[in-house]
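Here is the structure we will look at.
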Amino acid sequence: MRTGRLAGLLARLARIWRLGIKELYSLRSDPVLAGLILYTFTVAVYTVSAGARFEVENAAVAVVDEDHSALSRRLRDALLPPFFKPAVLIGADGIDAAMDAGRFVFVVEIPPKFEHDLIAGRDPEIQLDIDATAMSQAGNGAAYIQNILQQEVAAALAATSAAMSAATSAATAAAPVNVVIRPKFNPNLTSAWFTAVMQVINNVTMLAVILSGAALIREREHGTIEHLLVMPVTPIEIMLAKIWANGLVIVVAATLSLVVVVERLLGVPVQGSVPLFVASMLVYQFSVTALGILVATVSTSMAQFGLVVMPILIVMNLLSGSTTPMESMPVWLQNVMQLSPSTHFVALSQAVLYRGAGLSVIWPNLLALAAIGAAFFGLAALRFRKALQAAG
Amino acid sequence: MSGPAIEASLAPVEAPVVPPVIALAGVTHRYGRTLALDGVDLSVPAGCMAGLIGPDGVGKSTLLSLAAGVTRLQQGRVEVLGGDMADRHWRRQVGGRVAYMPQGLGRNLYPTLSITENLDFFARLFGQGAGERAERIEELLAATGLSAFAARPAGKLSGGMKQKLGICAALIHDPDLVILDEPTTGIDPLSRRQFWELMARLRARRPSMSVIVATAYMEEAERFDWLAAMNGGRVLATGSPADILARAGEDTLERAFVALLPPAERAQDGPLPDLPPVMHDGEPAIEATGLTRRFGDFVAVDHVNFRIEGGEIFGFLGSNGSGKSTTMKMLTGLLPASEGEARLFGAPLAGGDMETRKRVGYMSQAFSLYAELTVRQNLVLHAQLFEIPDAAARVAEMEARFDLAAVADMRPESLPLGIRQRLQLAVAVIHRPEILILDEPTSGVDPVARDGFWRTLIELSRQDGVTIFLSTHFMNEAERCDRISLMHAGKVLAVGTPEALKRARGMATLEEVFIAVLEEAGMGREEERAELKQRPAALAPVKRFDAGRLWAYTRREALEIARDPARLAFALIGPILLLFTFGYGISFDVENLPYAAFDQDRSAQSRQLLESFEGSRYFETHAPIASIEELETRLKSGELKLAIEIPPDFGRDLMRGRQPEVGVWLDGSMPFRAETTRGYVQGIAQSYLADAQMRSTGTSGALAPFTIEPRYRYNQAFKSVNAMVPNVIMLMLVLIPAIMTALGVVKEKETGSITNFQSTPVTRFEFLLGKQLPYVAIAFVSFLTMVVAARLVFGVPVKGSFATLAFGSLVYVFATTAFGLLVSSFVRSQVAAIFATAIIAIIPAVNFSGLLVPVSSLSGGARLMGLAFPSAWYQQVSVGAFTKGLGLASLWQDIAMVFALALVFLAAAMAALRKQGA
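Residue numbers (the UniProt record's numbering), protein chains in the order written: chain A, 1 to 392; chain B, 1 to 918.
So, in C-alpha cells, the structure goes:
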C-alpha cells in the first residue's frame, strides 16, 4: 500500500517535471518574451536605479539674487552637486513662470541689502520657495538648503567679522549635547541601493503574474489545455508545472540581475545572504505565479486578463513598501496590503539584503508568503475546470 | 514547367473572349525555406465559376491570397481585373471590386457582433449609404434564409450559417470577382448543398461576376466551369472538368487527379481494404444512456442513447452544431453531463479516473497540440505523460508508422493540415488506447491524405482491435464505418449500418439519406427563395480617405466593447478604485516611525531628552531596549526604524558640561525614509538643545542671525494626497487605455479578421484611428469620473483651467491609446502584447514621469526614457492645472509635446502594420 502510494507520488512528480519542461520549450520559442524578460532585468533595472533617485540629488535650484553682495554670491555657489544642479540665476519676476513650468523644485530669494542687514543684526529673511508637488524631494531638499545656507552664513560671518565670529562660535561651542546620527545598513543613504533591489523585486512580481497567467489563457485559447485534460494529468499538476517552470526562469533571471546588474554594474553592496534571498524568492514565486493563474481562471479572455492584471500589478508594486514607506499608509490599507505577497517579500528582502537578517527574523514573512500562495493556489484549482468550460 | 503546354492542349471548349480575370506569370512564393508556388503561369477565365483543386499545402491558398492582394508578391507578376497587383493604387481600386473569404469557418467575421452588425460593417467599408446598406442586407439575408437570425451573434451560428454569412459579407458590394478559399470545408452535406445553390442563384443574377474557389471536395469541383489542378506549387492541368477527365482517362475527378500526379507521388493508391471488424465479447466499449448537456437554457445534447461495441468503427454524422462534439467531450470526461450516464468499458465515467484516460485516445476538432514544440517533442511529451515504458522506441515507431520521420524536427504550424492531422492521430494512439474518440479528424484534409488516414484507422481497428468513434462530414468516410448515427439538434435521429439506413429509405446514397433525415427534422426549411434584384455595378473609384470606412471600424470596435460589459466596467471602475487606493496609499509623509530608546543612564536629564521624541507625531514609542545586542536585532528585524542610545552618566556629564554624546541609529534600508527621519531628529535635537541652553544659561541661543522662510507652494499643507491625485490620474490614463488598445490589432491577427483590413480598400490610417477612437472616448470618460472623484472625495479641486486640463487629457489619452496600438501592430501574439505593454508602459510611467521623482532631477537614460514617453509631459499639465492653477498659456507646450508623441506613435504603428502579409 505504502509503496503504491509512493510510486504514485513519484509518477505525479515525473509528470509535473515533464510538463514543466514543455513550458520551458514554449518560452524558448517566443523570442519577444525572452527579449522582454532580458530587458526588464537589465536595462530597466539599471536606468531606474541609476536615473531616478529619491535622494535630493541633482535637484534643480534657482536663485533670485537682489543683494548682489559677496555673501549672496557665496550662498549661490554653496548649492553644489551632487545634491543640487548648479544654481541658475533668475529674476524675481521669473519665479512664478519657472516654478509653474516645473523647471525648478527650489527657488532661493535673497532680498536686497541682505548682507548689510545681516551684519547690522537686523535679522533679514531669505525666502525659500519649494515646489511641494515634488513630494519626494521637497521636504528633504528644503532641510538641506536651510542647513547649507545657515552654515555658509555662519562661516562667512566668522571670516569677515572677528567680533561676530566670537559670538557665534561661543554659541555653537556651548551646545551641551553632541547628537550623532548614524544611519545603519546604508551609511550614505544612497537611494540606488534601495531602488535597484526593489526594482528587481517589482519586476519579478510583474513577470511572474503575467507569464503564468497568460500562459494558461494561451493554452485555453489554443485548445491545448483540453488536450492535457484527457490525458492522465490533473489540473493541479498542470498548475504546478507552470509554477515551477515559469518561476524558475524568473528566479534565475532575477538572481543574475541581482549579482550582475545590481552588485557589479550599480555597485550596490549586498550585505545579507544571497542564497537565503534566492530561497525566499522561490517561495515568493509560488505565491505570485499562483496569483497569475488565479487571475487567468477568473478572466474569460486575454483582454480581460490584461485589464485585471494591470491594476493588481500597480498596487502590488507601489503599495508594498518598495516605493514609499509602509508606515505612511493608513492603517486599514496597511492591513489590506498584508494580503499581498509583495508586501511580505519586500519586508523580507529588505531585512535579508540590507540588514543582513537571517531565517530567525524572516520566518513569519516566509510563512505568510506560503499561506497566501496556498490560498491563491487552492482557489485557482477550484476555478480551473469551471473556467475551462466558461471559455470553451 | 509543363503547365502552359497542358493548358494549350486542354483549352476550354468555350474560349473566353474577355481577358482573364486573374493572370499569373512566373509567380514564385516562399515561406522561409518552403516553396509554396514554383513559377506559376495561370490565366483564370472571367465570368465563370473557376476551381482550384489539389491536396493540402500545394499552394492553393497562397495563390488566392496573392490574387486578393492580402499577401505580398515576391516574384513574378499578378494581374487582377486587368491591372498589376504590385501597384499599390491598383490594389486599392481592386479592393473595392474583389471579395475575399479566407480559409476557416467564419474567420473574417466578428463573433460577438450580430449578423446584421457584421454585414453593416462590411457595407460601410465600401462606402454605402444608410438606405443602400439596409436594402442590400435585407436582400442578402432573405436570399440566404438568414433573416430570422439577423440579431444572433455570428459566434453562435452553426458552421453552415457562418459560411452563408461569410458569403453575404463577400457579396455586399457586388464584387466583380469573388475569391473563396475552401468555403465548404467542415460543414455538413445539407448546408454544403444549400451553399452551392445559393452561389448558383447569385451568379445567375450577375453573370459577369467571376468566382474562383479552392476546394478539397472533388465532387463539388465536377460542377465548376473551369478547373486548375495544382500540386507541389505548380499547375498540373487546366480546363473544364470534362477536359480533365478526358485527358486523364478516368471517370471521377478524384481518380483523374491522382492520374495527373507524377508516378512517384501516387503512393498507396488502390482501394482501401475492406476487412470485417474484430468483435470483442462482453461489455460494449462505449454506452450512453439519456446523455444530456445543457448550456444555460440551451440543450446541446438531448437524451442521447447509443452503444458502441468493442472493435467497431462507429461514425457520427450530423449538421453543424448538432451536439456531436459536445457528446464526444462528455465521453472523454472533459465536460460533465447535465443528466444521464456514459459508460466506458462497462464502468461509469468518473472525472478524475486516470486509469480510464490511459485506455482512451482523443483527437479534438481543432488542432490542439503545442505549435511551439516540434513534432518529435510533441510525441515525446505525450509518451512521457502516458508513462510509456520505452518512450523513445514508441516515438520512433509512431514516426515510422505515421510517416512523420521527415518532419520530426519541424514545428506543426509550418506543416500542411493533412500532416498535422496525422500527428494528432499519432499522439492520440501513442499509448495504445482501446478506444479512439476522433472529432472530425479529416476535416479540411485532401482526398489523398484522407485515404492514407483511413488506411491507418482500418489497420488500428482490424488488426489491433481498437474501437473507433469518429465524427465526419464526408459521406464516403461514413460508408466505411461499421455503423453510423445521424444527429441533429442534440438528438440521435437514426442509427444503423450504412446499408441498413439506405435500404430503410430506399435511397441510393448515404448523402440522400442524410439530407432526407435532416429535412424531416426541420432543417433547411427556413430558406426563402427570395429573388435577387438586378443592380448596376458600382464603379465609383475608391477614395484615398473615407471617413465612412474609419467610422465603420470605430462602430465595430465600440459594438465589440459594448458586448463585453465586464471589460468596460473594469476600464471605468479600475481607475477610480486605484485613485482611492493611491490617493490614500502613496504617501511621502513620513509619520509614526517606530523607535525605542536604549537609555543606559535613566536620569532625569535622559528622560527629558526622550520626552521630546515621545511628544512628536512623527514617532511612535516602542518598548525600551535593554542591551546593545537587542538594539542590533530589533533594527535588523525591521521592528524599529530608529534607536536612541543614551550613554551611562549622560545626566552627570551634561551637568558638568562634558558634552556627552547621544547616538541615534537610523534604519538606512529605505534611504528616503531615513533621510526624512534624519531631518526630524535634527529638528528635535535643535529644539532640545535650545531648551537646554535656555535652562543652563538663561539666554535664548539664536544660532543664526537671520531667518529662512520656507514657502511650500502649490500645496501649503505639504500633504501627499494633494500632489498624488493629479499624478495618479496621469498613471491611470496611460496604463488602462494602453492595455485596452494593445490587443486591438493583434487580436485581429490571431483570429484572422485582419484579412478584412487587408482585402478591402480601408487604409492603415482609417483602420488604426477607427479602432482607437472608442478607447479614446472610454479613457476620456474615465478622466472625467476621476476629476469628479478627486473633487468630491479628496477635496482636490482643479485650481487652474478645467478646459485646458480636459483638452490636455484628451490629447494624452490619444497618445496613450496610440502607444497601445503601436505595441499591438508590432507583436504577433496577444500574450506578447499584454506583456510588452505592461513592461514598457509601467516602468516609465511610474518611475520617470514625476510620480516619484521630479522629471527635472532625472538623469541619463532615465531622463531620455521619461521625455520620450507622454506621461512626463502630461504630468506637468495635470499637476499644473490641478495644483498650480495654470491654464493653456503655460501648458500649451507640454500638450503640444504629448500630441507630437501621439503622432510619432501612430506613424510608427502605421509603419509596423502591413497592408499585405508575408
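No residue lacks a Cβ here, since even glycine has one placed at the ideal position from N, Cα and C.
Using the rule of at least 16 other Cβ atoms within 10 Å of the residue's Cβ for burial, across every protein chain shown, is residue i buried or exposed?
i      : result
P726/B : buried
H68/A  : exposed
T252/B : exposed
A173/A : Summary for A173/A: the model assigns pLDDT 45, below 50, so the residue's position carries little reliability; its value from the coordinates is reported in the next sentence. It counts as exposed.
T168/A : Caution applies to T168/A, whose pLDDT of 47 falls short of 50 and renders its modelled position unreliable; the value that the coordinates give is listed next. When all chains shown are included, T168/A counts as buried.
R97/B  : buried
E226/A : buried
H116/A : exposed
E675/B : buried
Q75/B  : exposed
W244/A : buried
Y110/B : buried
A162/A : Residue placement at A162/A is flagged as unreliable, the pLDDT there being 48, under the threshold of 50; the coordinate-derived value follows with that caveat. Label assigned to A162/A: exposed.
L382/A : exposed
S65/B  : buried
Chain A partners of residue i, CB-CB under 7 Å?
i             : result
R673/B        : P325
L379/B        : Chain A residues near L379/B: none, gap ~12 Å exceeds 7 Å.
N592/B        : E327
residue 919/B : The requested residue 919/B does not occur in the structure, where chain B is confined to residues 1 to 918.
What are the partner residues of residue i, as DSSP defines its beta bridges?
i      : result
A643/B : A596/B, W665/B
A211/B : A small fix is needed here, since residue 211/B is Val in this sequence, not Ala. In the DSSP output, where bridge partners are listed per residue, V211/B has M49/B, V178/B.
Q285/A : Per DSSP, none; premise fails for Q285/A.
R77/B  : A25/B
I126/A : I708/B
P183/A : L666/B
N231/B : R234/B
A288/B : F306/B, A342/B
P262/B : Beta-bridge pairing links P262/B to no other residue.
K491/B : H488/B
D84/B  : E79/B
Going along chain B, which residues have a C-beta under 7 Å from residue i?
i      : result
K184/A : L635, W665, L666, D667, G668
For residue i, go through chain B and note every residue whose CB falls closer than 8 Å to its CB, in chain order.
i      : result
A304/A : The residue asked about is misnamed: residue 304/A is Gln in this sequence, not Ala. Those are D564, A566, R567, F570, listed as they occur along chain B.
T190/A : P671
Anything in chain A within Cβ reach of residue i, meaning under 8 Å, just list it in chain order.
i      : result
P189/B : Those do not exist, as P189/B stays about 26 Å from chain A at its closest Cβ, beyond 8 Å.
List, in order along the chain, the chain B residues whose C-beta lies closer than 9 Å to that of residue i?
i     : result
D93/A : Chain B residues near D93/A: none, gap ~15 Å exceeds 9 Å.
Practice task
For the region 8-19 of chain A, enumerate the residues whose C-beta is nearer than 8 Å to any C-beta of chain B, in chain order.
Solution key: For the region 8-19 of chain A, which is checked against every Cβ of chain B, the residues closer than 8 Å are A11, A14, R15, R18, L19.
Exercise for the section: For the region 338-387 of chain B, list the alpha helix (DSSP H) runs that are entirely contained and at least 4 residues long, ordered along the chain. Expected result: Whole alpha helix (DSSP H) segments, 4+ residues: 354-358, 375-385.
Handout entry: Short-range partners of chain B found in the region 268-282 of chain A, where Cβ spacing is below 9 Å
Key = The region 268-282 of chain A vs chain B, Cβ under 9 Å: nothing.
Practice task
Could you run through the region 877-890 of chain B and flag, in chain order, every residue whose CB is less than 7 Å away from some CB of chain A?
Solution key: Answer in chain order: V879, G880, T883, K884, L886, S890.
Handout entry: Contact residues within the region 376-401 of chain B, judged by C-beta distance below 8 Å to chain A
Key = Residues passing the 8 Å Cβ filter: Q377, L381, H382, Q384, L385, F386, E387.
Problem - Chain-ordered residues of the region 326-349 of chain A with a beta carbon less than 7 Å from chain B - result: Hits within the stretch, in order: E327, S328, M329, P330, L333, A347.
Problem - Positions along the region 849-863 of chain B whose CB lies within less than 9 Å of some CB in chain A - result: Residues passing the 9 Å Cβ filter: G850, L851, L852, V853, P854, V855, S856, S857, L858, S859, G860, G861, A862, R863.
Exercise for the section: Note down, one range per segment and in chain order, each alpha helix (DSSP H) of at least 4 residues found wholly within the region 111-145 of chain B. Expected result: Listed in chain order, they are 115-125, 130-144.
Problem - In chain order, each beta strand (DSSP E) run of at least 3 residues that lies wholly inside the region 27-109 of chain A - result: Contiguous beta strand (DSSP E) elements confined to the region 27-109 of chain A occur at 61-65, taking only those with 3 or more residues.
Exercise for the section: Using a Cβ-Cβ cut-off of less than 9 Å, give me the residues of the region 134-149 of chain A that come near chain B, in sequence order. Expected result: Under the 9 Å Cβ criterion, the region 134-149 of chain A contributes A134, M135, S136, Q137, A138, G139, N140, A142, A143, Y144, I145, Q146, N147, L149.
Practice task
Taking a Cβ distance cut-off of 9 Å, strictly less, list which residues of the region 817-840 of chain B are near chain A, in chain order.
Solution key: Per Cβ criterion, the list reads F826, V827, R828, S829, Q830, V831, A832, A833, I834, F835, A836, T837, A838, I839, I840.
Practice task
Anything in the region 22-34 of chain A with a Cβ closer than 8 Å to a Cβ of chain B? List those residues in chain order, please.
Solution key: Result list: K22, Y25, S26, S29, D30, V32, L33.
Practice task
Report the residue ranges of all alpha helix (DSSP H) runs contained in full by the region 319-368 of chain A; include only those spanning at least 4 residues, in chain order.
Solution key: If we require 4 residues or more, the alpha helix (DSSP H) runs fully inside the region 319-368 of chain A come out as 331-337, 341-349.
Problem - Under 9 Å (Cβ pairs) to chain A, residues found in the region 571-582 of chain B - result: Along the region 571-582 of chain B, the positions whose C-beta sits under 9 Å from a C-beta of chain A are A571, G574, P575, L577, L578, T581, F582, read in chain order.
Exercise for the section: Kindly provide the ranges of any beta strand (DSSP E) runs that are 3 or more residues long and lie completely inside the region 391-430 of chain B, ordered along the chain. Expected result: Runs of the beta strand (DSSP E) lying entirely within the region 391-430 of chain B, each at least 3 residues long, are absent.
Handout entry: Contained alpha helix (DSSP H) runs [length at least 4] in the region 613-637 of chain B, N- to C-terminal order
Key = Counting only runs of 4 or more, we get 628-636.
Practice task
Give, in chain order, every residue of the region 120-131 of chain A whose Cβ lies closer than 8 Å to some Cβ of chain B.
Solution key: Listed in sequence order: G121, D123, P124, E125, I126, Q127, L128, D129, I130, D131.
Exercise for the section: Would you list, in sequence order, the uninterrupted beta strand (DSSP E) runs of no fewer than 3 residues that lie entirely inside the region 804-871 of chain B? Expected result: The DSSP assignment places no complete beta strand (DSSP E) segment of no fewer than 3 residues inside the region 804-871 of chain B.
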